[in-house]
Amino acid sequence: MLKGPASLERNPTWLCVVAGLLVDRGGRWLMHRRPSGKAHGGQWEFPGGKVEEGEVPEAALARELAEELGVGIEPDNLEPLVFASDGPISTGKPITLLLYRVTRWSGTPQALEGGAIDWMLPDEIARLDKPPLDIALFAKASALLGAAPDGAELC
151 MLKGPASLER
161 NPTWLCVVAG
171 LLVDRGGRWL
181 MHRRPSGKAH
191 GGQWEFPGGK
201 VEEGEVPEAA
211 LARELAEELG
221 VGIEPDNLEP
231 LVFASDGPIS
241 TGKPITLLLY
251 RVTRWSGTPQ
261 ALEGGAIDWM
271 LPDEIARLDK
281 PPLDIALFAK
291 ASALLGAAPD
301 GAELC
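Take the sequence shown: its letter number 142 is residue 292 in my numbering, and every next letter is one higher.
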């Protein structure tokens with residue numbers, strides 16, 4: 151637990167990361183499998199990336215999804231949904247991951263930066279190997295959207 155201003159000064163600066171929850175007409179969610187050789191290689195995640203200096207999260211997510219998936223997104227079509235953070239347990243720079251529901255996009259998603267993408271129902275996503283923060287995001291988003299998989303424990 152943090153105590154006093156001196157403790158706050160010793161904390162490393164946090165890293166803001168954004169991700170998108172794209173849902174198709176059939177209720178399937180788009181997931182991205184990270185390329186081998188990268189952190190969490192082979193695991194499935196919500197697509198997105200780091201917020202660059204001077205960017206707001208919505209603009210960063212629109213940029214990241216254009217780069218990673220080749221889809222066009224207007225920031226007005228992003229709805230803040232849930233977040234997860236590894237701050238208290240982080241071994242490096244703490245990460246806070248913001249998940250936005252993407253309500254509208256143009257183009258057909260493709261895996262442009264390696265890895266793979268797939269549309270899956272929440273029951274299928276529950277069984278995927280995911281990085282810790284994506285596990286937390288999935289549980290929270292499923293509970294909020296009423297898409298909790300059968301037998302899943304939700305945070």
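Using N, Cα and C, we set each Cβ at its ideal position, and we do this for glycine too. All of these numbers come straight from a predicted model, not from anything done at the bench.
Do you know whose CA, among the options, lies nearest residue i's CA?
i           : options            : result
residue 290 : 249, 187, 243      : 249
residue 181 : 187, 188, 192      : 192
residue 195 : 187, 205, 206, 171 : 171
residue 270 : 227, 285, 220, 173 : 173
residue 232 : 293, 164, 258      : 293
residue 202 : 287, 280, 296, 166 : 166
residue 188 : 256, 198, 265      : 265
Under a three-way DSSP split, which group does residue i fall into?
i           : result
residue 231 : strand
residue 262 : coil
residue 237 : helix
residue 305 : At residue 305, the pLDDT of 32 sits below 50, so the modelled position is not reliable; the number obtained from the coordinates is stated separately. In the structure shown, residue 305 sits in coil (DSSP, three-state: anything other than H, G, I, E or B).
residue 256 : strand
residue 267 : strand
residue 293 : helix
residue 195 : strand
residue 189 : coil
residue 245 : strand
residue 168 : strand
residue 287 : helix
residue 180 : strand
Tell me which residues share the same chain as residue i and place their Cβ nearer than 7 Å to its Cβ, disregarding the 5 neighbours each side in the sequence.
i           : result
residue 253 : 227, 229
residue 225 : 208, 209, 212
Mind reading off the beta-carbon distance from residue i to residue j? Whole number of angstroms is fine, and I expect it under 8 Å.
i           : j           : result
residue 205 : residue 263 : Contact doesn't hold; Cβ gap of about 18 Å is too wide.
residue 234 : residue 287 : 5 Å
residue 243 : residue 179 : Not a contact, Cβ separation roughly 28 Å.
residue 236 : residue 283 : 6 Å
Return the chain-ordered list of same chain residues with a C-beta closer than 8 Å to the C-beta of residue i, the five sequence neighbours on each side being excluded.
i           : result
residue 260 : 219, 220, 267
residue 207 : 166, 168, 201, 248, 250
Ignore the nearest five residues each way along the sequence and tell me which others in residue i's own chain have a CB closer than 6 Å to its CB.
i           : result
residue 183 : 194, 265, 266
For the 8 Å Cβ check, are there 3 or more pairs between the segment 245-264 and the segment 209-225? yes
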